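K.L.:
Just passing along the structure, written as structure tokens.
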Amino acid sequence: MILLRRAERSTRYLFLERSSRAQPVSTCSSDSAASEGAASDEVDSFFRQQNSALARLLHLRGLQHGWRLFGELRRRNVVTWNTMLAAHVHHREIVRARELFDGMPRRDVVSWNTMLLGYSLTGQIENARHLFDRMPERDTFSWNIMISGYGRCGWIIDAVHLFEKMPVKNVVSWNAVVTGLLANGEVDWAMEMWSKMPIRDSATLSTVVSGLARNGMLEAAERHLLKADEGDVDAYNTLVAAFGRVGRVDDARRLFEMIPSGCRDGKGSANGFQRNVVSWNSMIMGYVKAGGIRSARRLFDEMPERDRFSWNTMIAGYVQSQELDEAAALLQQMPEPDERTWNLMISGFARSGDVERAQRCFERMPHRSAISWNTIIAGYERVGEYRAAMSLFSRMLASGVAPDGHTLSSALGACAGLASLRQGAQVHQLVTKRVAVDTPINNALVTMYSRCGSLTDARRTFDSMTTRKDVVSWNAIISGYAQHGHAEEALRLFSRMEEEVRPTHITFISVLHACCHGGLVEEGRQCFDSMARDHGIDPRVEHYAALVDLLGRHGRLEEAMGIVGGMPVPPDRTVWGALLGACRVHRNDELARIAMAALAAVDPAGSAPYVLLCNMHAGVGRWAEAAEVREAMEQQGIRKQAGYSWIELQSGLHVFAAGDKSHPLALEILATADSCSRAIRDETHAGDLPCIQPHSS
DNA sequence: ATAGGGTTAG
Numbered sequence: 001m002i003l004l005r006r007a008e009r010s011t012r013y014l015f016l017e018r019s020s021r022a023q024p025v026s027t028c029s030s031d032s033a034a035s036e037g038a039a040s041d042e043v044d045s046f047f048r049q050q051n052s053a054l055a056r057l058l059h060l061r062g063l064q065h066g067w068r069l070f071g072e073l074r075r076r077n078v079v080t081w082n083t084m085l086a087a088h089v090h091h092r093e094i095v096r097a098r099e100l101f102d103g104m105p106r107r108d109v110v111s112w113n114t115m116l117l118g119y120s121l122t123g124q125i126e127n128a129r130h131l132f133d134r135m136p137e138r139d140t141f142s143w144n145i146m147i148s149g150y151g152r153c154g155w156i157i158d159a160v161h162l163f164e165k166m167p168v169k170n171v172v173s174w175n176a177v178v179t180g181l182l183a184n185g186e187v188d189w190a191m192e193m194w195s196k197m198p199i200r201d202s203a204t205l206s207t208v209v210s211g212l213a214r215n216g217m218l219e220a221a222e223r224h225l226l227k228a229d230e231g232d233v234d235a236y237n238t239l240v241a242a243f244g245r246v247g248r249v250d251d252a253r254r255l256f257e258m259i260p261s262g263c264r265d266g267k268g269s270a271n272g273f274q275r276n277v278v279s280w281n282s283m284i285m286g287y288v289k290a291g292g293i294r295s296a297r298r299l300f301d302e303m304p305e306r307d308r309f310s311w312n313t314m315i316a317g318y319v320q321s322q323e324l325d326e327a328a329a330l331l332q333q334m335p336e337p338d339e340r341t342w343n344l345m346i347s348g349f350a351r352s353g354d355v356e357r358a359q360r361c362f363e364r365m366p367h368r369s370a371i372s373w374n375t376i377i378a379g380y381e382r383v384g385e386y387r388a389a390m391s392l393f394s395r396m397l398a399s400g401v402a403p404d405g406h407t408l409s410s411a412l413g414a415c416a417g418l419a420s421l422r423q424g425a426q427v428h429q430l431v432t433k434r435v436a437v438d439t440p441i442n443n444a445l446v447t448m449y450s451r452c453g454s455l456t457d458a459r460r461t462f463d464s465m466t467t468r469k470d471v472v473s474w475n476a477i478i479s480g481y482a483q484h485g486h487a488e489e490a491l492r493l494f495s496r497m498e499e500e501v502r503p504t505h506i507t508f509i510s511v512l513h514a515c516c517h518g519g520l521v522e523e524g525r526q527c528f529d530s531m532a533r534d535h536g537i538d539p540r541v542e543h544y545a546a547l548v549d550l551l552g553r554h555g556r557l558e559e560a561m562g563i564v565g566g567m568p569v570p571p572d573r574t575v576w577g578a579l580l581g582a583c584r585v586h587r588n589d590e591l592a593r594i595a596m597a598a599l600a601a602v603d604p605a606g607s608a609p610y611v612l613l614c615n616m617h618a619g620v621g622r623w624a625e626a627a628e629v630r631e632a633m634e635q636q637g638i639r640k641q642a643g644y645s646w647i648e649l650q651s652g653l654h655v656f657a658a659g660d661k662s663h664p665l666a667l668e669i670l671a672t673a674d675s676c677s678r679a680i681r682d683e684t685h686a687g688d689l690p691c692i693q694p695h696s697s
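First residue of the first sequence: 1, per the UniProt record's numbering; consecutive thereafter.
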């Protein structure tokens with residue numbers, strides 16, 4: 001790399017001369033120029049073989065192994081450099097690709113095109129444009145790469161503009177611009193362009209069928225397909241997959257049956273119109289999507305030949321139906337599971353909560369990409385094992401695999417879970433350095449800052465977002481204000497939100513919590529009522545729990561009980577728990593007994609009713625009763641999980657459990673907590689507060 | 001060794 005950097009410095013401002021042959025970039029590499037000129041046919045053929053060996057190696061073993069062979073070849077031949085460059089682009093290693101590109105002793109138009117492609121595939125279309133404008137020469141590939149790149153990045157006007165400016169268009173250019181228009185929802189424009197196409201090939205039909213299907217126009221797609229009647233199996237496959245994707249498995253099957261099977265009589269058709277492995281895979285995928293795992297398996301067993309896609313789709317199906325043993329059984333039968341197979345298994349185990357098994361798969365796989373790391377990190381993050389998630393994240397960084405947006409979102413989620421502002425801010429640094437900051441990343445940052453206690457940073461991130469704020473962004477910031485007790489600001493943001501995006505059920509949970517913590521009982525009540533009425537969102541059990549909490553906490557116990565009694569869904573432990581908590585604060589023994597019995601019924605193993613009842617007795621000095629409850633609890637083998645709180649300060653991480661006095665400053669901390677508790681009690685007249693209990697044992 | 005259309009993983 002040092003060598004490449006030096007080369008980069010010497011060549012940065014030199015431009016290639018216009019030529020169809022590779023040119024030396026720097027005058028000091030005259031030896032390679034000379035050898036290039038003198039290359040005999042035998043030498044050329046030797047390098048061709050070496051280069052295809054390099055390409056194979058890169059394909060099979062990844063970049064690390066390729067480097068070795070590359071090192072021996074690189075001084076000789078521009079194709080070698082291009083092979084390596086293409087491999088980096090293929091792996092989306094754009095920074096390394098650029099380093100390589102800058103360090104190349106010579107470049108031809110393929111080198112430039114490959115670099116354009118790299119930027120276009122990683123969404124950095126401005127960088128691609130910058131290079132495109134400075135290219136010493138352009139060919140049709142260059143223009144086509146830019147047109148499809150603009151289309152992919154959503155800059156459809158620029159794509160069309162470039163297409164019109166392009167001197168010599170080929171069929172790929174036309175297909176690319178039609179694809180771009182369809183991918184950006186410009187159906188009419190696309191079809192107009194399509195009708196003007198001077199040349200079409202087999203990809204044209206697939207382009208239109210797929211584009212229409214992706215715009216939800218499945219019937220129009222089918223009309224086009226049948227009208228063209230080219231017997232193009234790829235186009236049929238597109239539609240089989242498209243019907244499958246939206247769950248219309250019968251339509252998918254109908255199309256699938258229209259493709260000649262061609263395997264029994266060996267007839268097929270003259271132009272090769274017969275089912276291929278993709279047809280079968282697409283059909284299997286349709287069944288998998290529709291939950292028809294048995295039908296999928298039947299096809300899988302029936303199909304004449306299977307490829308990696310078939311195996312992986314089938315395994316994905318079992319993973320999705322949570323039949324992980326079946327998935328593992330198929331994994332056993334595969335001759336060579338590939339990276340995707342392992343990733344599927346990892347995500348399957350992780351999603352089922354079995355992160356240990358997920359990690360065993362992770363450790364077994366030979367080559368881990370960013371996706372593998374992301375899958376296992378997200379798995380740990382999702383089950384709340386934030387420390388494990390962060391330690392894998394460090395391992396990933398150390399292993400040299402570049403983190404992407406998915407990685408950093410998960411890492412931010414783990415920091416949020418740990419409430420670790422310090423680590424969160426470090427990940428934020430990586431975000432600004434390493435990835436394009438899109439909406440999901442911004443959302444993760446807002447959540448992280450708010451959960452780590454820095455509402456100011458959360459708000460700053462939210463306000464300075466340059467990408468579109470989606471419903472998750474709004475939910476994140478509203479929930480932040482809710483958790484920090486700023487009910488008015490949460491409600492203000494909620495009204496602003498309603499002007500831009502549709503709230504979801506998650507929004508209402510945050511708003512209800514905000515009202516609860518801010519004492520805005522009436523507003524909360526109205527908000528709950530407006531959910532179904534104005535927004536068409538039926539309250540779920542979580543909303544009922546929040547409403548009961550809101551009413552109960554503010555002393556409206558009968559009203560809360562009325563809500564519980566009238567619920568269209570059975571109240572669960574969160575609802576009864578909220579009611580019980582309220583009974584305790586407002587000392588309503590009678591209702592507490594009802595709630596406690598109900599809670600014990602819906603959650604027999606839970607300790608909450610016992611603990612609360614015990615504390616109620618203890619709170620008014622009924623020690624014998626308190627002891628009785630405790631005994632009953634022990635007899636039934638119910639144990640309270642110790643609750644922990646922690647805070648991260650300059651001095652490190654401080655962890656506390658109830659009644660735990662092991663901290664060196666325990667006495668001072670408890671005294672401060674106590675005085676806070678008193679101050680709040682005086683301020684709010686809220687009876688005794690369940691949240692701070694330095695005296696509980 | 002580089003461009004457009006088809007099926008799987010975060």
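Think of the CB as a built atom: it goes at the ideal place given N, C-alpha and C, for glycine as much as any other residue. Every value quoted in this text rests on a predicted model; they were computed, and no experiment measured them.
Could you tell me whether the Cβ atoms of Arg340 and Arg364 are closer together than 9 Å?
P.N.:
No, Cβ-Cβ distance for Arg340 and Arg364 is not below 9 Å.
K.L.:
Could you tell me the distance, in whole angstroms, from the CA atom of Gly621 to the CA atom of Ala627?
P.N.:
The alpha-carbon atoms of Gly621 and Ala627 are separated by roughly 11 Å.
K.L.:
Given this structure, state the Cα-to-Cα distance separating Ala55 from Leu299, to the nearest angstrom.
P.N.:
Rounded to whole angstroms, Ala55 to Leu299 spans 34 Å at the Cα level.
K.L.:
Among residues of its own chain, excluding the 5 on either side of Ala86, which ones have a beta-carbon nearer than 7 Å to its beta-carbon?
P.N.:
Taken in chain order, the residues that qualify are Thr114.
K.L.:
Could you give the distance in angstroms between the alpha-carbon of Leu612 and the alpha-carbon of Leu212?
P.N.:
Roughly 60 Å separates the two Cα atoms.
K.L.:
Should His513 and Ala476 be called a contact, given that it needs their Cβ atoms to be closer than 9 Å?
P.N.:
No, these two residues do not count as a Cβ contact at 9 Å.
K.L.:
Assuming Glu222 and Leu239 are in contact, meaning their beta carbons sit under 8 Å apart, how far apart are those beta carbons, in whole angstroms?
P.N.:
Sure, about 6 Å apart at Cβ, within 8 Å.
K.L.:
Closer than 8 Å by C-beta to Leu408: which residues in its own chain qualify, once you throw out the five before and the five after it? Chain order, please.
P.N.:
Val427, Leu430, Val431, Arg434, Val435, Ile441 and Ala444, listed in sequence order.
K.L.:
May I have the straight-line CA-CA distance separating Leu324 from Thr313, to the nearest angstrom?
P.N.:
One C-alpha to the other measures close to 14 Å.
K.L.:
Do Leu580 and Ala608 count as a contact pair if the criterion is CB distance below 9 Å?
P.N.:
For Ala608 and Leu580, yes; Cβs fall inside 9 Å.
K.L.:
How about Ala173 and Thr207: are their beta carbons less than 9 Å apart?
P.N.:
Looking at the sequence itself, residue 173 is Ser, so the reference to Ala does not match. Contact: no.
K.L.:
If you reduce the DSSP assignment to three classes, tell me which class Leu653 lands in.
P.N.:
If DSSP states are grouped into helix, strand and coil, Leu653 belongs with the strands.
K.L.:
How far does the alpha helix (DSSP H) with Cys153 in it reach, from first residue to last?
P.N.:
Looking at the DSSP string, Cys153 is not in any alpha helix (DSSP H), and its letter there is neither H nor E.
K.L.:
Give me the Cα-Cα distance between Asp682 and Thr672, rounded to the nearest whole angstrom.
P.N.:
Using only the alpha carbons, I get a separation of about 15 Å.
K.L.:
Going by DSSP, name the residue or residues bridged to Trp646.
P.N.:
DSSP output for Trp646 lists Val655 as bridge partner(s).
K.L.:
In chain order, what are the residue ranges of uninterrupted alpha helix (DSSP H) at least 4 long that sit wholly in the stretch 169-203?
P.N.:
For the stretch 169-203, whole alpha helix (DSSP H) runs of length 4 or above, ordered along the chain, are 171-183 and 187-195.
K.L.:
Quick check for students: name the residue ranges of the alpha helix (DSSP H) that lie wholly in the stretch 426-499, counting only runs of 4 or more.
P.N.:
The qualifying runs are 439-451, 455-463 and 471-483.
K.L.:
Where Ile478 and Arg540 are concerned, what is the direct C-alpha to C-alpha distance, given to the nearest angstrom?
P.N.:
So the alpha carbons of these two residues sit roughly 19 Å apart.
K.L.:
What does the Cβ neighbour count give for Cys676, buried or exposed, with the cut at 16 atoms within 10 Å?
P.N.:
Classification of Cys676: exposed, given that the 10 Å Cβ count is below 16.
K.L.:
Within the continuous alpha helix (DSSP H) that includes Met314, where are the two ends?
P.N.:
Element bounds for Met314: Arg308 to Gln320.
K.L.:
With C-beta atoms as the reference, is Asp470 less than 9 Å away from Thr447?
P.N.:
No. Outside cutoff.
K.L.:
Going by DSSP in three states, Arg106 sits in which element: helix, strand or coil?
P.N.:
Looking at Arg106 - three-state DSSP - the assignment turns out to be strand.
K.L.:
Quick one: grab the DSSP three-state call for Gln332.
P.N.:
Of the three classes helix, strand and coil, the one that applies to Gln332 here is helix, per DSSP.
K.L.:
For Val288 and Glu305, what's the separation of their Cα atoms in angstroms?
P.N.:
Roughly 19 Å between the two C-alpha positions.
K.L.:
Count the other CB atoms within 10 Å of the CB of Ser662; is the residue buried (16 or more) or exposed (fewer)?
P.N.:
Answer is exposed; the Cβ neighbour count stays below 16.
K.L.:
May I ask which residues mark the beginning and end of the alpha helix (DSSP H) holding Lys227?
P.N.:
Leu218 to Ala228 is the span of the alpha helix (DSSP H), which, as asked, contains Lys227.
K.L.:
Rounded to a whole number of angstroms, what is the C-alpha to C-alpha distance between Ile293 and Arg382?
P.N.:
The alpha-carbon atoms of Ile293 and Arg382 are separated by roughly 26 Å.
K.L.:
For Arg540, does the three-state DSSP call read helix, strand or coil?
P.N.:
Of the three classes helix, strand and coil, the one that applies to Arg540 here is coil, per DSSP.
K.L.:
Going along the chain, which residues of its own chain have a beta-carbon closer than 6 Å to the beta-carbon of Ala22, five neighbours each way excluded?
P.N.:
Since pLDDT at Ala22 reaches only 35, below the 50 mark, its modelled position is unreliable, and the value read off the structure follows with that caveat. Within the same chain, Ala22 has close Cβ partners Val78, Arg106 and Asp108.
K.L.:
On the criterion of 16 or more Cβ atoms from any shown chain inside 10 Å, does Trp576 qualify as buried, or is it exposed?
P.N.:
Buried, by the Cβ-count rule.
K.L.:
Distance, Cα to Cα, Ala252 vs Pro198?
P.N.:
Cα to Cα, the separation comes out at about 32 Å.
K.L.:
Quick check on the burial criterion: 16 or more other C-beta atoms within 10 angstroms. Buried or exposed for Thr507?
P.N.:
Thr507 should be labelled buried.
K.L.:
Looking at the structure shown, is Val288 part of a helix, part of a strand, or coil, going by DSSP?
P.N.:
Here Val288 sits in helix by DSSP.
K.L.:
Between Pro136 and Ser111, what straight-line distance do the alpha-carbon atoms span, to the nearest angstrom?
P.N.:
Straight-line Cα distance between these residues: approximately 12 Å.
K.L.:
Just the C-alpha distance for Phe362 and Leu412, rounded to the nearest angstrom, thanks.
P.N.:
Taking the straight line from one Cα to the other gives about 21 Å.
K.L.:
Do Gly485 and Cys452 have their CB atoms nearer than 9 Å?
P.N.:
No.
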